[in-house]
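Taking it in order: structure first as structure tokens, then the write-up.
Numbering (the numbering used here), first residue to last: 214 to 351.
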């Protein structure tokens, strides 16, 4: 099991949280849930509803997207220290791809509902993450 200090160190290396200080990372670490997945197990499928963010603590993930003909294409591989689902935190759109484990993996799951509650209480959290998203996508 990953303790809070270890979670903070994992989160510190995630680009989405790069503008947050240690106090903010502790707040986020306290509301993440550790989940274990087996090799080949799906985390979510393209089209699923969801507002959770997934941070890969250990293991390896594959992101697959379907084209207009329905054929699946691998679009990314996720290594430890990276996250998936950050746009779902701020939009109510279905998942844009399928995420599966290519080896046994441990993910930290951050609920969008809990994150929004934290951002209401600690607005600097939202400001720091939104700044990072804007920098990344513009």
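All residues carry an ideal CB built from backbone N, CA and C; glycine is no exception.
Here the structure is a predicted model, which is why all the values come from computation and not from measurement.
Check: Can you give, in chain order, each stretch of the beta strand (DSSP E) that sits fully within the region 227–277 and has at least 3 residues?; Outcome: 246–250 and 255–257
Check: Report yes or no: do three or more beta-carbon pairs, one from the region 261–279 and one from the region 291–298, lie closer than 8 Å?; Outcome: yes
Check: Can you tell me whether residue 217 is buried or exposed, with buried defined as 16 or more other CB within 10 angstroms of its CB?; Outcome: exposed
Check: Name the one or two DSSP bridge partners that residue 289 has.; Outcome: 276
Check: Can you tell me whether residue 306 is helix, strand or coil according to DSSP?; Outcome: coil
Check: At what residues does the alpha helix (DSSP H) containing residue 345 begin and finish?; Outcome: 336–350
Check: Flag this pair as yes or no: are the beta carbons of residue 258 and residue 314 separated by less than 8 Å?; Outcome: no
Check: So residue 273 and residue 249 are supposed to be a Cβ contact under 8 Å. How far apart are they, rounded?; Outcome: Residue 273 to residue 249, Cβ: 14 Å. No contact.
Check: Along the chain, where does the alpha helix (DSSP H) that runs through residue 377 open and close?; Outcome: No answer is possible for residue 377: it lies beyond the span of the chain, which begins at 214 and ends at 351.
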